[in-house]
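2 protein chains.
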Amino acid sequence: MATPSTLYWEDIDIGQELETGLLDIDAPGIRGFAEKFDPQPYHLDRDAAEASLFGGLCASGWHVSAMMMKLVSEELIKENIALIGSKKVPWLEWYRPVFEGDTISAHVTIADKSAADGEADCGLIGFDIEVHNQKGKKVMALSAYLMIQKKEVGHV
Amino acid sequence: MATPSTLYWEDIDIGQELETGLLDIDAPGIRGFAEKFDPQPYHLDRDAAEASLFGGLCASGWHVSAMMMKLVSEELIKENIALIGSKKVPWLEWYRPVFEGDTISAHVTIADKSAADGEADCGLIGFDIEVHNQKGKKVMALSAYLMIQKKEVGHV
Chain H
1 MATPSTLYWE DIDIGQELET GLLDIDAPGI RGFAEKFDPQ PYHLDRDAAE ASLFGGLCAS
61 GWHVSAMMMK LVSEELIKEN IALIGSKKVP WLEWYRPVFE GDTISAHVTI ADKSAADGEA
121 DCGLIGFDIE VHNQKGKKVM ALSAYLMIQK KEVGHV
Chain U
157 MATPSTLYWE DIDIGQELET GLLDIDAPGI RGFAEKFDPQ PYHLDRDAAE ASLFGGLCAS
217 GWHVSAMMMK LVSEELIKEN IALIGSKKVP WLEWYRPVFE GDTISAHVTI ADKSAADGEA
277 DCGLIGFDIE VHNQKGKKVM ALSAYLMIQK KEVGHV
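First to last, the sequence lines map onto chains H and U. So the first sequence is numbered by the numbering used here: it starts at 1 and just counts up by one. So the second sequence is numbered by the numbering used here: it starts at 157 and just counts up by one.
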C-alpha cells in the first residue's frame, strides 16, 4: 500500500499553487520534435523560420504542451502525487511562439476537484496551468484534468 | 507568391472531411516520448504498466496528441494547405489508453471558419478531430483551431 508521504486525491486542496522548474529551449530539441510530429519549415529550418511570420525558429505548439507536461510532472513526482494519467483539457491556448534560446516555466493552481465517471478508485483534479517565457510573457495556458488515485476507494 | 495548388483559408469549406494515414505505436516510441516529457512508470516500464490500472504499456496522452498532429499535418502537407500554426484547443479528451502494438488514425471534419484577432493575413479554421485505434474505438477527440494563411490580405 501507500508510503506515508504519497499524496492522494483527498490530500489535494482547491487553491493550492505550485511553481515548476525551468526548461531551456534549444534548436535540436525543436527540430527533433518537429521531425517526428510536426514537420513544418518554421520548426525545422532556421532560415525558413526567419523568413516566416514567426521571425525565428520556434517550437511546435504540441511540443510546448509536452514540455509543460514535463515541467508539471517533475513537480507531481517531487510531491509524490498518485497520478494515474491525463483525462481531458477543457481549453488550451497558445499565445506566443517559443523560440530557441527561450526558457520556460509553469505556474499551476488547483482549480477543481470532481468525481471521475465510472471510476471508484480515482478522482479528477482540475489544474489551471500558465506557461511563461524568461521575459514573464505568457506563451500558453490551459485547464487540464488529471486522474489522481484515491486513498479510500469509493470515498468522495 | 503562391504556387497554383496552395490551399488558403478562403479555399477551405466547413463540412469538408479527411481521413489521415495510419501510425503504428511501438514500445521504443512510447518510452522515448515518456523519458523526455512524461516519465511515469506505466509509460516507461512494461512490468509496472501491466501491474497498473492500464494493464499494459501505454502512451502519454500528450504523446497521442503529438501523434495526432503528425497524422493531421501529413494530410495538410499533402493537400498543400498554407498552415501557419496551431492557435487554440477549445476542448480535448482522452477516452482510452493507446497501447504498444496499437495502430491509430484520425478523422478530421472542418467545423468552423473565423477571423484571427489582430491578424489580417491569416484566418482560423476549426478542425474537429477524432483519433481511433485499429479496433475502431475512439481513443482521443478534440477541437483544434489552426491559423491558415489568407489568399487576399484583409479579406474575410
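From the three backbone atoms N, C-alpha and C, an ideal C-beta is built for every residue, glycine too.
For lysine 307(U), none of the residues of chain H pass the 9 Å Cβ criterion, the least Cβ distance being about 15 Å.
Contact check for valine 220(U) against arginine 252(U) fails: the beta carbons are separated by 7 Å or more.
Shown here, isoleucine 81(H) sits in a strand according to DSSP, grouped into three states.
Across the structure, lysine 306(U) and tryptophan 62(H) are spaced so that their CA atoms are roughly 23 Å apart.
Neighbours of isoleucine 125(H) in chain U, taken as residues at a C-beta separation under 9 Å, are lacking, since the least C-beta distance is about 15 Å. Just so you know, the alpha carbons of alanine 207(U) and threonine 259(U) end up roughly 23 Å apart. Secondary structure of valine 220(U) (DSSP, three-state): helix.
Only Leu239, Ile240, Gly241, Ser242, Lys243, Lys244, Val245, Pro246, Trp247, Leu248, Glu249 and Trp250 from the region 235–261 of chain U bring a Cβ to less than 7 Å from some Cβ of chain H. At least one beta carbon of chain U lies nearer than 7 Å to the beta carbon of aspartate 38(H). Within the region 51–72 of chain H, the residues whose Cβ lies closer than 9 Å to any Cβ of chain U are, in chain order, Ser52, Leu53, Phe54, Cys58, Ser60, Gly61, Trp62, His63, Ser65, Ala66, Met67, Met68, Met69 and Lys70. Scanning its chain for C-beta atoms nearer than 7 Å, with the 5 sequence neighbours on each side dropped, one finds around glutamine 16(H) the residues Ile110, in chain order. Nearest to tryptophan 247(U) by alpha-carbon distance, out of Gly136(H), Trp9(H), Tyr145(H) and Glu74(H), is Tyr145(H). Burial state of serine 161(U) is exposed, judged by a 10 Å Cβ sphere holding fewer than 16 other Cβ atoms.
One thing to note: alanine 116(H) has its Cβ no nearer than 7 Å to the Cβ of tyrosine 8(H). Between the alpha carbons of phenylalanine 37(H) and alanine 222(U) lies a distance of about 6 Å.
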